[in-house]
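**Student:** The structure under discussion is supplied below as structure tokens; questions concerning it will follow.
Residue numbers (this note's numbering): 2 to 240.
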């Protein structure tokens, strides 16, 4: 459970945790309060929250429901004490043009970011799949909205090519960061182990002061694999 996971995070000496919506078993106020209390008693900041939204849905009713879901989790983020929430653009639909989907994403994000700003919660758009495969695409969405409460959740493993240059391009807009075990190769024809020293150097160069969240997707069981990758990231932080 998430409560068990909080115990693991504290045992690994972490400073904060990112709470992801699709692992919650309830949205009741007591459950949210208990989650916040558990993290606090373990000395863990709630560094952020995350949702799995899709703003590219082509049916208006479905699209509006996605906006409502994001707004609901913004409210939950306030209760949990999360300063920032990760959002997606969405998956590629079977119908419609890319330009239409871009407009849908921009409109939905504008609505949600206006709401989040009123609540004092930042939204962080992740470079994750359709419409956000490259730094250029991510920045195009942010530029179209131009909102002080919207930034980037940098996922180091998701750019389709030229990963380190792409990371550097979005760093000035980065609010939160997911660090993975692997990055795509420069030409995008495969993947290779992440160079944490190089990644952390980029963070320092751009004066990134936020949390670095390990998003573990390697093959080894997480209970033994996560501590190994945490040690590599910590070593890079002090290098």
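Using N, Cα and C, we set each Cβ at its ideal position, and we do this for glycine too.
1) Can you pull the DSSP bridge partners for residue 192?
2) Can you list, in chain order, the residues of its chain whose CB lies under 8 Å from that of residue 18, leaving out five sequence neighbours each side?
3) To test your reading of the DSSP string, which unbroken beta strand (DSSP E) runs of 3 or more residues are found completely within the region 79 to 109?
4) Strictly by DSSP, which residues pair up with residue 123?
5) For the beta strand (DSSP E) that contains residue 178, what are its first and last residues?
6) Kindly indicate the opening and closing residues of the beta strand (DSSP E) around residue 218.
7) Taking the CB atoms as reference points, tell me whether residue 175 and residue 153 lie closer together than 7 Å.
8) Mind checking residue 127: buried by the 16 CB within 10 Å criterion, or exposed?
9) Using three-state DSSP, classify residue 34 as helix, strand or coil.
10) Going straight from the alpha carbon of residue 72 to that of residue 117, what length do you get?
11) Taking residue 12 as part of the alpha helix (DSSP H), name the residues at either end of that continuous run.
12) Nearest to residue 83 by CA position, among 120, 113, 70 and 89, is which residue?
13) I'd like the list of long-range same chain contacts for residue 28, defined as Cβ closer than 8 Å, with 5 residues on each side in sequence excluded.
14) Pick out whichever of 16, 14, 191 and 37 has its Cα sitting closest to the Cα of residue 25.
15) Using 10 angstroms around the beta-carbon of residue 160, count the other beta-carbons present and answer buried if the total reaches 16, otherwise exposed.
16) Buried or exposed: residue 104, going by 16 or more other Cβ atoms within 10 Å of its Cβ?
17) With DSSP collapsed to three states, give me the class of residue 27.
18) How is residue 143 classed by DSSP in three states: helix, strand or coil?
19) Considering only their Cβ atoms, is the gap separating residue 3 from residue 80 smaller than 7 Å?
20) Per DSSP, what kind of secondary structure is residue 152 in: helix, strand or coil?
**Tutor:** To lay it out plainly:
1) DSSP output for residue 192 lists 185 as bridge partner(s).
2) So the qualifying residues of the chain are 6, 7, 10, 40, 45, 46, 47 and 48.
3) 85 to 88
4) 85
5) 175 to 180
6) Residue 218 -> no beta strand (DSSP E), and no H or E assigned at all.
7) yes
8) buried
9) helix
10) Their Cα atoms are separated by approximately 7 Å.
11) 3 to 12
12) 120
13) In chain order, 73 and 77 place their CB closer than 8 Å to the CB of residue 28, counting only its own chain and leaving out the 5 sequence neighbours on each side.
14) 37
15) buried
16) exposed
17) coil
18) helix
19) no
20) strand
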